[in-house]
Amino acid sequence: MNTQDIDTADWLDAALKEAGREHRAAYVADDGFTARVIGRLPAAPTLPAWRRPVIILLWLLAGAGAFVALPGAFDDAFRGAVALLVGRPLGLADIALLLALCGAAAWTSLVYAAKAN
Amino acid sequence: MSSTPVSDAQLIARAVVQDDRHAFGELVRRHQSAVRSTLRRLTGGNIAQADDLAQETFLLAYRNLKSFRQEAKFSTWLYRIAYNVFLADARKIKELPMPEDAEGEPVAVADAAAPSMSRQAALSVDLERAMRVLSEPERAAIVQCYHNDLSHEEAAQVLGCPVGTVKTHILRAKQKLKARLGAWSPQA
Chain A
1 MNTQDIDTAD WLDAALKEAG REHRAAYVAD DGFTARVIGR LPAAPTLPAW RRPVIILLWL
61 LAGAGAFVAL PGAFDDAFRG AVALLVGRPL GLADIALLLA LCGAAAWTSL VYAAKAN
Chain B
118 MSSTPVSDAQ LIARAVVQDD RHAFGELVRR HQSAVRSTLR RLTGGNIAQA DDLAQETFLL
178 AYRNLKSFRQ EAKFSTWLYR IAYNVFLADA RKIKELPMPE DAEGEPVAVA DAAAPSMSRQ
238 AALSVDLERA MRVLSEPERA AIVQCYHNDL SHEEAAQVLG CPVGTVKTHI LRAKQKLKAR
298 LGAWSPQA
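Read top to bottom, the protein sequences are chains A and B. By the numbering used here, the letter at position 76 of the first sequence is numbered 76, and the numbering carries on one by one without gaps. Count along the second sequence from 1, add 117, and you get the number used in the numbering used here.
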């Protein structure tokens, strides 16, 4: 590369860099561009409002069904687990309290699910 | 009290995890100018086409946001998508506003320079016109390295080619520009 080439290359390089600086400094105003892009985004996947409470109800029904179908197994497992946790056999008052708590939790979940939708 | 600006990475996380469209909107707002002006350069100044391609770029970015690994800057990733969108569009219309039309007629200084124009402004105009003689890969390499100020490595990522190829495109582009802009040479 001779001196003339180097000079020319440097001059051209400087011109390109200057053009680049101008390009970066020139801000393209939004003018609704962002809104147009957001407007074209695919719709967010939404669940139908009835879906969650129905699923919870189905789970409750399935649980109740299983409980009815296998009363002995559930009873044994439940009493064993609680006895392990509490350290003493369950009384009628304990069972009543637990049932009340479970019922309250199920209804609270249902109400929450319905409101959340 | 000034609040700390939310980083691109935080906005991306919100957009991906919570499908937060406001966060994605902020990303678009931040980068729209750079993406649109890059596409304007690539399309030879066709503003309407560039804006359509810019919209496609951001829609594709939204769909593929989960695949962004934060290995490169978000802007570099966007430039890559924009370049791919531009290439796909160019293939579709099968005709780029190419260079050959104007080839062979050197840009004259006096041609572009109106009496009121500064030397730098006139040179910018001539340079802009001379860019049309470049092939699409050469122009893309110049746009990424000079206009977007990317390193050769970053430009190679955006253009999806080896670093050596980027350097070759730039060298050839400069040779063509030198031939077209001979009137601006200090030796002229």
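Each residue gets a CB set at the ideal place from its N, CA and C atoms; glycine is no exception.
Cβ contact annotation for residue 284(B) (same chain, cutoff 7 angstroms, sequence separation greater than five): 269, in chain order. Runs of the alpha helix (DSSP H) lying entirely within the stretch 40-96 of chain A and spanning at least 4 residues, in chain order: 51-69 and 71-86. For a Cβ distance threshold of 7 angstroms, nothing in chain B lies close to residue 52(A): the least Cβ distance comes to about 18 angstroms. Collapsing the DSSP output to three states places residue 297(B) in a helix. The DSSP-derived three-state label of residue 188(B) is coil. DSSP places residue 172(B) inside the alpha helix (DSSP H), whose first and last residues are 164-180.
From the beta-carbon of residue 259(B), the residues of chain A found nearer than 8 angstroms are 16.
Note on geometry: alpha-carbon atoms of residue 243(B) and residue 22(A) lie some 14 angstroms from one another.
Using a Cβ-Cβ cut-off of 8 angstroms, residue 107(A) is close to nothing in chain B; its nearest Cβ partner there is about 29 angstroms away.
Against chain B, the beta carbon of residue 44(A) has neighbours under 9 angstroms at 136 and 138, listed in chain order. The C-beta distance from residue 132(B) to residue 144(B) rounds to 7 angstroms, short enough to meet the 8 angstroms contact threshold. About 6 angstroms separates the Cβ atoms of residue 255(B) and residue 289(B), confirming a contact at the 8 angstroms cut-off. Runs of the alpha helix (DSSP H) spanning 4 or more residues and lying entirely within the stretch 126-158 of chain B do not occur at all. If only complete runs of 4 or more residues are kept, the stretch 272-297 of chain B shows the alpha helix (DSSP H) at 280-297, in order along the chain.
For residue 190(B), the nearest beta carbon of chain A is not closer than 8 angstroms to its own beta carbon.
Contact annotation for residue 153(B) against chain A: 28 and 33 [CB-CB distance below 9 angstroms, chain order]. In terms of CA proximity to residue 190(B), 267(B) leads the group 278(B), 295(B), 267(B) and 291(B). Distance between residue 81(A) and residue 73(A), taken at the CA atoms: about 12 angstroms. Pairing residue 177(B) with residue 156(B) gives a Cβ-Cβ distance that is not under 8 angstroms. The three-state reading of DSSP puts residue 160(B) in coil, since its state is none of H, G, I, E or B. Between the stretch 57-71 of chain A and the stretch 199-208 of chain B, the count of Cβ pairs shorter than 8 angstroms is below three; the stretches do not touch. With fewer than 16 other Cβ atoms from the protein chains shown falling within 10 Å of its own Cβ, residue 27(A) counts as exposed.
Neighbours of residue 25(A) across chain B, judged by C-beta separation under 8 angstroms, do not exist; the nearest C-beta is about 10 angstroms away. Minimum Cα-Cα distance from residue 19(A) among the listed residues 247(B), 147(B) and 125(B) corresponds to 247(B). Residue environment for residue 107(A): exposed (fewer than 16 other C-beta atoms within 10 angstroms of its C-beta). Residue 37(A) and residue 172(B) do touch by the CB rule: their CB atoms are close to 6 angstroms apart, below 8 angstroms. Annotated three-state conformation of residue 26(A) is coil, per DSSP. DSSP, read as helix, strand or coil, puts residue 101(A) in helix. CA-to-CA, the gap between residue 58(A) and residue 183(B) works out to about 34 angstroms.
The beta-carbon separation of residue 136(B) and residue 35(A), rounded to 18 angstroms, does not stay under the 8 angstroms limit for a contact.
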